[in-house]
Structures are given as C-alpha cells and as structure tokens.
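Take a look at the structure set out below.
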Ligand code: NAI
Ligand code: MG
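Shown next as structure tokens:
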C-alpha cells in the first residue's frame, strides 16, 4: 500500500471548486486501485486568509508545506487584494524556495475538444523557466506621484538557472523521442537577458546533435503557434514568455480551463506542486460552472510524478471518455454541465 501525503491549497475563487472536485477524483482512484491512499492536509491560505491575517500564509508556511509528497494548488487571487500581493506572497515563493525550476505545461488536443483553430493536430510541451528571469521581483519605484516618477523592473538570468532549464528541455526531448525543439527569445530588443539566453542555448544544443533546435523571437513564435502548430514538439521559454505562450496554448485547445501545469523540482529535494494553469476566475466564481479538467489533468501529472503511471493514465482516459461523449461538458467548452456534474461523469468513466 502506497500512502501519499498531499498538501492542498485550494486558494481563491474557482480554485476552491476545482480542488474539491479534484479530491473526489483522487479518492475514487485510490478506491479503485486498492493500492494507494492519500492523506490531505488542506491549507486555507488565500486572499481571504490575507484579509484576516495581513499575509497570504503563516510565517512558518514553507516549513509546513515542505512536509509532503506533493502539493496540489487551485488558484490564488481575488479582487480586494492586489494580484501582485497574492502571487508574490504565495505562489512565487513556493516555486522559488522549493527550487521548482521547471514548469512543465503539456498542450495536447484531447478527442472531444473543439479547437478554435482549423488544424487540430496539437501535441507539444512548453517547458517554462520557473525560478528567476522576469519574475525575480526586483526593481525600483522612484518619485511616486511626481512628474519625474520612474519605475525599473529587473530581470535576473543566471548561468545556472538558464542552463539547467534549457538542458532539461533537451533531455526531455531526447527521452520522449522528440526531434524538434524551439527556444523562445527576443534578443533583438532585450539586449542583455535574451542575448545571454541565446548564448546558453547555443552552448547546450551542441550536446544534442540529433535534435533540430532553433530559436525564434517570441512575437514570431506567437504567430507560429497559430499557423504551424503541428510542427511544435518542445518549446523552452523564460518565465514570462512561457507564461504567455501557455495561456495561448490552452486557448488553442478551446479553453483555459483544460490545461495543467507541474512545478517540478527535478532533484526531488523539495516537493513539486501541481495546478491547473488558469487563475481564480472571479467572473465565474461561486457559480459552480468552472471546468475542472485542468485540475484533473494536473492530478494525473502529479500521479505520474509519484510513479503512479497507471492511475494517471486512468484519469486521462476517463477525461477523454467524458469529452468525447459530450454530454457533461461545462459551458466554456460548449456544454451546460456544472463543475460537479462534469466530475460525476469523470468518476463514472473511471475504470
Ligand atoms: P483566469 O484564468 O482566472 O480567467 C481568465 C478567463 O478564463 C476568465 O474569463 C475566466 O472565467 C475563464 N476561466 C478560467 N478558468 C476557467 C475554468 N476552469 N473554467 C471556465 N472558465 C475559466 O485569469 P485572470 O482573469 O487573468 O485572473 C483572475 C485572477 O487569478 C487574478 O487575481 C490573477 O492574479 C489570478 N491568477 C492566478 C493564477 C494562479 O494561481 N496560478 C494564474 C493566473 C491568474
Ligand atoms: Mg498564466
């Protein structure tokens, strides 16, 4: 019997709904497998928590979080607390302090989904740098409110941070039989950070002669995503670029509610964290209509990470059955079902 301890942060808005449904899927998979069990430690850290305590998590939050096999997160952010506060006091410290430097984001068309694009062959991964870069949080705000007001937002790209993510992407390609890798850049305009990124990319690619590797400016790459998406296999990108490209990637599948992400500490020194890529969606929060598929997919990624491949596949198969069947789809993908009804269908389809 394998017992996994999970730290669970539902967070805000629809994060709460999708995590509640995600736990039902986990419980069912444990029941079906008979060889697995999950122990949940649910943490109330959220914007609501912030409004009560003046912080997004307690001072010993990172210590509490560390003690688990994996972290499952819904989404954080809600009107009333500035987004940079909720993000910078909860999500980003976890990613950085637990050295979850790989943000793994599969973008894959599942049968039954309706892409807004004509070309429906979509199957690639975006590997996003997750620990530094544009999201390092450094900068300066001078002369606030004055005519000469000025802000500086810094990016930090280290050799260690840049090399390890690019190498991870090449290794991933090699391991998974992919022969094509694209690096997102903007070295024509970003004359330090992206020139450096390109230089490291050139160094690393020499070690992988069998993989066709090229760089592409992020603006051109955004267009390429739409025009030539069948050629995409592995994309490696900095923190900001990867963030933007993967929302685009999920929209190409028909909804931002579909796609998952894994914040991975490849060395296993710290727990990795799994979450849907969407945010807390205040516009639909409390309505019970959020699509929970992104969370189920994130759970499948988590199970794979925990070496429960068979159970991960079972969840993905059940999701595909429900999508293909088309009777229990949420509104964002063209149906009328509630979050709970869609989950009921997935539970019924879990074999
Ligand atoms: P969002 O992803 O929350 O919503 C964008 C649009 O997609 C909205 O119209 C929303 O209704 C829709 N949507 C999102 N998830 C959906 C789902 N599962 N099913 C159906 N429709 C869905 O992004 P937005 O509006 O930019 O941000 C809202 C809040 O979430 C902000 O406070 C932001 O900071 C936070 N956020 C948090 C993230 C995280 O915790 N990882 C990631 C992105 C945003
Ligand atoms: Mg995003």
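Residue numbers (the working numbering): 211 to 561. All C-beta atoms, glycine included, are put in the ideal place defined by N, C-alpha and C. What you are looking at is a predicted structure, and each value in this text was computed from that prediction instead of being measured.
Check: residue i C-beta below 6 Å from any heavy atom of ligand 2
{"i": "residue 457", "result": "yes"}
{"i": "residue 222", "result": "no"}
{"i": "residue 453", "result": "yes"}
Beta bridge counterpart(s) of residue i as assigned by DSSP
{"i": "residue 252", "result": "218"}
{"i": "residue 473", "result": "313 and 483"}
{"i": "residue 247", "result": "213"}
{"i": "residue 338", "result": "313 and 447"}
{"i": "residue 390", "result": "422"}
{"i": "residue 333", "result": "318"}
{"i": "residue 363", "result": "349"}
{"i": "residue 280", "result": "216 and 482"}
{"i": "residue 456", "result": "The partner list for residue 456 (beta bridge, DSSP) is empty, contrary to what the question assumes."}
{"i": "residue 343", "result": "366"}
{"i": "residue 395", "result": "427"}
Neighbourhood of residue i by C-beta distance below 6 Å, restricted to the same chain and skipping five residues each side
{"i": "residue 431", "result": "394"}
{"i": "residue 282", "result": "216, 218 and 484"}
{"i": "residue 252", "result": "218"}
{"i": "residue 406", "result": "367"}
{"i": "residue 196", "result": "This structure cannot speak to residue 196, because the chain is shown only from 211 to 561."}
{"i": "residue 239", "result": "521"}
{"i": "residue 228", "result": "284, 500, 502 and 505"}
{"i": "residue 557", "result": "238"}
CB of residue i within 7 Å of CB of residue j, strictly
{"i": "residue 400", "j": "residue 533", "result": "no"}
{"i": "residue 527", "j": "residue 506", "result": "no"}
{"i": "residue 574", "j": "residue 468", "result": "With the chain covering 211 to 561 only, the question about residue 574 has no answer from this structure."}
{"i": "residue 341", "j": "residue 295", "result": "no"}
{"i": "residue 543", "j": "residue 465", "result": "yes"}
{"i": "residue 521", "j": "residue 243", "result": "yes"}
{"i": "residue 375", "j": "residue 411", "result": "no"}
{"i": "residue 424", "j": "residue 392", "result": "yes"}
{"i": "residue 300", "j": "residue 291", "result": "no"}
{"i": "residue 480", "j": "residue 293", "result": "no"}
{"i": "residue 449", "j": "residue 345", "result": "yes"}
{"i": "residue 470", "j": "residue 486", "result": "yes"}
{"i": "residue 428", "j": "residue 396", "result": "yes"}
{"i": "residue 446", "j": "residue 525", "result": "no"}
{"i": "residue 531", "j": "residue 559", "result": "yes"}
{"i": "residue 553", "j": "residue 234", "result": "yes"}
{"i": "residue 418", "j": "residue 380", "result": "yes"}
{"i": "residue 272", "j": "residue 255", "result": "no"}
Cutoff 7 Å; reference residue i; Cβ partners in own chain excluding five residues on either side
{"i": "residue 495", "result": "223 and 224"}
{"i": "residue 371", "result": "311, 339, 341 and 342"}
{"i": "residue 550", "result": "231 and 498"}
{"i": "residue 298", "result": "347"}
{"i": "residue 330", "result": "319"}
{"i": "residue 516", "result": "214, 279 and 280"}
{"i": "residue 212", "result": "245 and 246"}
{"i": "residue 548", "result": "498 and 499"}
{"i": "residue 364", "result": "346, 348 and 349"}
{"i": "residue 453", "result": "338"}
{"i": "residue 488", "result": "285, 466, 467 and 504"}
Beta-carbon contacts of residue i that lie in its chain and below 8 Å, excluding the five residues immediately before and after
{"i": "residue 318", "result": "332, 333, 334 and 463"}
{"i": "residue 389", "result": "383, 420, 421, 422 and 443"}
{"i": "residue 258", "result": "222 and 288"}
{"i": "residue 519", "result": "513"}
Please enumerate, following chain order, all residues with a beta carbon closer than 5 Å to at least one heavy atom belonging to ligand 1.
285, 286, 287, 293, 466, 467, 488, 489, 490, 491, 493, 494, 500, 501 and 542
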